[in-house]
Amino acid sequence: MLESLLPQLDRLFDYRIPERLAPDARPGVRVKVPLRSAGRMTSGYIVEVTAHADFSGTLSELEEVVSAVPVLTPEVWALARSVADRAAGNASDVVRLAVPPRQVRVEKAFVARRAKAAEAAATAAVVAAAGNTESPESADPSGDTPNRTPIAGYGDNVIETALYRRARLSITAIPTVRQTSAGEWVGAWAETMAAMAAFTLGLGRSSILVVPDYRDQDQLETALRAHVDDADIARLDARQTNPERYAHFLSCLEERPRIIIGNRSVVYAPAFELGLIALWDDGDPLHDEPLSPYVSSRDVALIRQAQSGSALAFVSHSRSSEVQRLVELGFVDDVPQNPKFLPNVIPTSAQVSGDAFAQSARIPSSAWMAARKALETGPVLIQVARPGYAPVLACASCTNPAHCLVCDGPLRTQSKNSPPSCVLCGAIAAQWQCRHCEGTTFRLIGQGSARTAEELGRAFPATRIIVSDGTRSLTDVSEAPALVIATRGAEPVAAGGYHAVLLLDGERMLARESLTVAEDCLRWWSNAIALAAPRAPAIIVGVGGELARTLVTWQQNRFASDELADRRRLRFPPAVRVATVKGTPEAVAGAVKELHDSVHGEDSAKIDVLGPVPDEDDFVRSIVRFDYSVGQVVAATLRAAVIRNATSRRKIPGRPANFRPPPSLRVRFDDTEILD
DNA sequence: AGCACGCCGACT
DNA sequence: GTCGGCGTGCTC
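Quick note, the numbering used here runs 1286 ahead of the 1-based positions in the first sequence.
Here you go:
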């Protein structure tokens, strides 16, 4: 496999292995090979070693084995190929996500340590043979390992049995916090996932646990350390330096079961005897890969599960419509939580309290009183939509929104005494003048986390105020009374759970324009509510209707089912898949025609094309919607069109001799934002 | 990408 | 009759 970005080189090439390289030339190792003419080298990976080449011409010789460590295992290669095929992308792009950059020092240390271990094992084997001792114990195939903690909150052994059967599961997380055996507090979901991984480890198998961000990862790691030895955990995440990441990656290649945790790219980690892939909160957009070919970790997990035969679990408080679809198909099994501790959710319409602060923050009196009461005994969580002080500024005289004089972007205030600055370019609006009425003074609109904190501080003078937002986010707070103001997604875990949770900016959060607003809001709110102590009030302000009813009854699965039904009616994802086709008008028209040619007969109803509409640079854009059943044909057809356009690109007349136009056809599958 | 091959216009 | 322009296509 060549490390090339060119779609026309995204296939296997055969090379002859010279005698001197034969010992190291095994599948998975990094190599350098000649391509096209002498002296030009490309790097790549050996995928297969065979006695007879498929290629009929004369073979070039392998130039160099860069390192003897087989970093691209056959399983991961097969996964990369399937993922690329599904999204009409390059396998080498996927491999780049799967295999971190090589770090020579780290790799040498790994090789040396491994050689030493192998030597020690050989000596031990000799001693064992001489002494005729018992053979080393292997994992008990019958399943139940002694001393493990049961996975609580679900039916007896329901999850254990499912893991043993290697089932695919949608698990409704338990909406509260739990204390680990080491005394630390984490979301119950983390405890559940840790117990699942520990059980799988007891079966002698590895787990891959995928979380959206490092705050979730920290909780999961805390929970895991209470179940297993630290040496059984391997981490792969964006916070690590390159050497750290490579060291942990290499440790996954060892032939012993591990628990591998990290963000979305960890789904590609090599794993010894993979027994479980589990995703926390698969609806979080951080599971969507922003690099080509843009395949989300949910889809990668589904492909990997099919190839490895491992168990698969989607764990969340509110089920994504994608997983709902899989449940309705019968492909994934529903594991409901034991409804013993449902959260105490109270929706409140905007019946504003008489208190001065409550009025300015539009907090209803009942919520205000609940917060005041809860503060006597423990921490209270206040969820707001935005960070900063005043997220929006307007002209004080004409009330029109204020804009940056440099780039015309919107203005905001970061903290109380900081001058207004531009959201986009950061310029400080010094000599600002309104473009509508020549006014020169601002009016602050809305409350960001900092302004909410300041005003709450005034209302509760003796209370500790803690702010957790995008710029400064906390992972946990103590059980002492405090007001914790957090932007959605940045809520810290409180020891013992919050004594009250207030969700303030519901209306504003719902005002965002997106196909998935309702689903996203439900997820943000459910996740915050799940941080409450048992029976503590969770008050949601200014949200009514189906969403409020869903939270009160804690029936997110039914909401997901309704949501999916709506998408079916509209023929929107995930009821169907989508692909964007972008390029010159001729290239797009050609690709669309080929699609109609290859999806024909009774299948033709399974595909429809929206557009083309004009895009930037004389390009046009079409959106193809298609049923999952024709996904392979659609991907293969569009892939062929991309390759053809890359191979024979026409020169534009009247341009400089060496001018190369951009690729005249680009394809992107399953972009969740295109129909917003 | 980047290089070789080939087909057509201008030249000793 | 050949030299070299650049468009077209291939890379094991």
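Cβ atoms here follow ideal geometry from the backbone N, Cα and C, with glycine treated the same way.
- In this structure, does DSSP put Glu1347 in helix, strand or coil? To locate residue 1347, count along the first sequence from 1; it is residue 61. Glu1347: strand per DSSP, three-state reduction.
- Message: Which same chain residues end up closer than 6 Å to Arg1501 when comparing Cβ atoms and leaving out the 5 residues on each side of it in sequence?
- Response: For the purposes of this step, residue 1501 is identified with residue 215 of the first sequence, where counting begins at 1. Thr1761, listed in sequence order.
- Pro1461 beta carbon less than 7 Å from that of His1603: In the first sequence, residue 1603 corresponds to position 317, counting from 1. In the first sequence, residue 1461 corresponds to position 175, counting from 1. In this structure, Pro1461 lies closer than 7 Å to His1603 by Cβ.
- Leaving out the 5 sequence neighbours to the left and right, which residues in its chain are closer than 8 Å to Asp1379 when beta-carbon positions are compared? As a position in the first sequence, residue 1379 is number 93, starting the count at 1. Closer than 8 Å at Cβ, skipping near neighbours: Leu1291, Ala1370, Leu1577, Ser1578, Pro1579.
- Task: Please list the segments of the alpha helix (DSSP H) lying wholly inside the segment 1496–1546, counting only runs of 4 or more residues, in order along the chain.
- Result: Every alpha helix (DSSP H) of 4 residues or more that sits fully in the segment 1496–1546 is shown, in chain order, as 1500–1511, 1528–1537.
- Nearest candidate by alpha-carbon position, reference Arg1367, set Gln1719, Asn1703, Val1381: Taking the first residue of the first sequence as 1, we reach residue 1367 at position 81. Among Gln1719, Asn1703, Val1381, the Cα nearest to that of Arg1367 belongs to Val1381.
- Run through DSSP, which three-state label would Met1327 get? In the first sequence, residue 1327 corresponds to position 41, counting from 1. Assignment of Met1327 by DSSP, reduced to helix, strand and coil, places it in the strand class.
- Message: In whole angstroms, give me the CA-to-CA distance for Asn1686 and Glu1902.
- Response: In the first sequence, residue 1686 corresponds to position 400, counting from 1. In the first sequence, residue 1902 corresponds to position 616, counting from 1. If you take the alpha carbons of Asn1686 and Glu1902, they lie about 30 Å apart.
- Kindly list the residues whose CB is nearer than 6 Å to the CB of Asp1889, restricted to its own chain and excluding five residues on each side of it in sequence; keep chain order. Position 603 of the first sequence, counted from the first residue, corresponds to residue 1889. Closer than 6 Å at the Cβ level, and outside the excluded window around Asp1889, lie Val1916.
- Message: I'd like to know if the segment 1325–1338 and the segment 1516–1536 are in contact, where contact means that at least 3 CB-CB pairs between them fall below 8 Å.
- Response: Touching, no.
- Message: Which residues does DSSP list as the beta-bridge partners of Tyr1301?
- Response: Locating residue 1301 in the first sequence gives position 15, counting from the first residue. Paired residue(s): Ser1346.
- Query: Assuming Gly1664 and Gly1831 make a contact with CB atoms under 8 Å, what is their CB distance in whole Å?
  - Reply: Taking the first sequence and counting its residues from 1, one reaches residue 1664 at position 378. Taking the first sequence and counting its residues from 1, one reaches residue 1831 at position 545. With a Cβ gap of about 31 Å, Gly1664 and Gly1831 do not count as contacting.
- Message: So, with DSSP's three-state summary, where would you put Ser1467?
- Response: Sequence index remark: in the first sequence, residue 1467 carries index 181 (1-based). It is coil, neither helix nor strand.
- With burial defined as no fewer than 16 other Cβ atoms inside 10 Å of the residue's Cβ, what is the status of Leu1817: buried or exposed? To locate residue 1817, count along the first sequence from 1; it is residue 531. By the 10 Å Cβ count, Leu1817 comes out buried.
- Which residues in the same chain have their Cβ closer than 6 Å to the Cβ of Ile1632, if we skip the five residues on either side of it in sequence? If you number the first sequence from 1, residue 1632 lands on position 346. Here Ile1632 has Pro1823, Ile1825 as same chain residues with Cβ atoms under 6 Å from its own Cβ, once five neighbours each way along the sequence are excluded.
- Task: Could you say if the segment 1548–1555 and the segment 1580–1598 meet the contact criterion of at least three C-beta pairs nearer than 8 Å?
- Result: Flag = yes, the segment 1548–1555 and the segment 1580–1598 touch.
- Query: Skipping 5 residues on each side, what residues in its chain have a beta carbon closer than 6 Å to that of Trp1363?
  - Reply: Start at 1 with the first residue of the first sequence, and residue 1363 comes out as number 77. Result list for Trp1363: Val1333, in chain order.
- Can you check whether the CB of Thr1486 is closer than 7 Å to the CB of Gly1561? Position 275 of the first sequence, counted from the start, is the residue given in the question as residue 1561. Position 200 of the first sequence, counted from the start, is the residue given in the question as residue 1486. When the beta-carbon positions are compared, Gly1561 and Thr1486 come within less than 7 Å of each other.
- Residue closest to Ala1476, alpha-carbon to alpha-carbon, out of Pro1871, Ala1509, Val1496: Numbered from its first residue, the first sequence carries residue 1476 at position 190. Ranked by Cα distance from Ala1476, the first of Pro1871, Ala1509, Val1496 is Ala1509.
- Query: Looking at C-alpha atoms only, which residue of Ala1410, Glu1741, Val1838 is the closest neighbour of Phe1627?
  - Reply: As a working note, residue 1627 is residue 341 in the first sequence. Looking only at Ala1410, Glu1741, Val1838, the smallest Cα-Cα distance to Phe1627 is reached by Val1838.
- Message: On the DSSP bridge list, what partners appear for Arg1855?
- Response: Within the first sequence, residue 1855 is the residue found at index 569, counting from 1. Residue pairing from DSSP leaves Arg1855 without any beta-bridge partner.
- Item | Residue nearest to Leu1769 in terms of C-alpha spacing, selected from Asp1755, Gly1488, Leu1742 | As a working note, residue 1769 is residue 483 in the first sequence. The shortest C-alpha to C-alpha distance from Leu1769 to any of Asp1755, Gly1488, Leu1742 is the one to Leu1742.
- Can you tell me whether DSSP reads Gln1841 as helix, strand or coil? Mapped onto the first sequence, residue 1841 falls at position 555. Gln1841 sits in coil when the DSSP states are folded into three classes, being neither helix nor strand.
- Between the beta-carbon of Gln1610 and the beta-carbon of Leu1850, is there less than 7 Å? Taking the first residue of the first sequence as 1, we reach residue 1610 at position 324. Taking the first residue of the first sequence as 1, we reach residue 1850 at position 564. With respect to the 7 Å criterion, Gln1610 and Leu1850 are classified as neighbours on the basis of their beta carbons.
- On the three-pair Cβ rule with 8 Å, is the segment 1665–1681 touching the segment 1854–1862? No, because fewer than three Cβ pairs between the segment 1665–1681 and the segment 1854–1862 fall closer than 8 Å, the two stretches do not touch.
- Item | Gln1593 (DSSP reduced to helix, strand or coil) | Position 307 of the first sequence holds residue 1593. In the three-state reduction of the DSSP assignment, Gln1593 falls in the helix class, which pools H, G and I.
- Item | Span of the alpha helix (DSSP H), counted from its first residue to its last, around Gln1610 | In the first sequence, the residue the question calls residue 1610 occupies position 324. Note, Gln1610: alpha helix (DSSP H), 1607–1614.
- Can you tell me whether Gln1389 is buried or exposed, with buried defined as 16 or more other CB within 10 angstroms of its CB? For the purposes of this step, residue 1389 is taken as residue 103 along the first sequence, with counting starting at 1. It counts as buried.
- Query: With Val1355 and Val1315 assumed to form a contact (beta carbons below 8 Å), what rounded beta-carbon distance in angstroms separates them?
  - Reply: Translated into the one-based positions of the first sequence, residue 1355 becomes position 69. Translated into the one-based positions of the first sequence, residue 1315 becomes position 29. Contact flag correct, Cβ pair sits at about 7 Å.
- Query: Using the C-alpha atoms, what's the distance from Leu1365 back to Ile1589?
  - Reply: Here residue 1589 refers to the residue found at position 303 of the first sequence. Here residue 1365 refers to the residue found at position 79 of the first sequence. When only Cα atoms are considered, Ile1589 and Leu1365 end up about 7 Å apart.
- With 16 as the cutoff for other CB atoms within 10 Å, does Glu1507 come out buried or exposed? Looking up residue 1507 in the first sequence gives position 221. Glu1507 is classed as buried because its beta carbon has at least 16 other beta carbons within 10 Å across all chains shown.
- Whole angstroms is fine: what's the gap from Ser1537's alpha carbon to Pro1386's? Position 251 of the first sequence, counting from 1, holds the residue named residue 1537. Position 100 of the first sequence, counting from 1, holds the residue named residue 1386. Whole-angstrom Cα-Cα distance: 13 Å.
- Message: Taking 7 Å as the threshold (C-beta atoms), are Val1928 and Leu1896 in contact?
- Response: Stepping through the first sequence from its first residue, residue 1896 is reached at position 610. Stepping through the first sequence from its first residue, residue 1928 is reached at position 642. No; because the gap between Cβ atoms is not below 7 Å, this pair is not in contact.
- Task: Would you identify the three-state DSSP class for Arg1737, choosing helix, strand or coil?
- Result: What you label residue 1737 is simply residue 451 of the first sequence in a count that begins at 1. Here Arg1737 carries a helix assignment [DSSP, helix/strand/coil].
- Query: Any idea what DSSP makes of Arg1952, helix, strand or coil?
  - Reply: Counting from 1 along the first sequence, the entry for residue 1952 is found at position 666. Looking at Arg1952 - three-state DSSP - the assignment turns out to be strand.
- Task: Have a look at Val1803 and Asp1962 and give me their C-alpha separation to the nearest angstrom.
- Result: Position 517 of the first sequence, counted from the start, is the residue given in the question as residue 1803. Position 676 of the first sequence, counted from the start, is the residue given in the question as residue 1962. Rounded to whole angstroms, Val1803 and Asp1962 show a C-alpha spacing of 10 Å.
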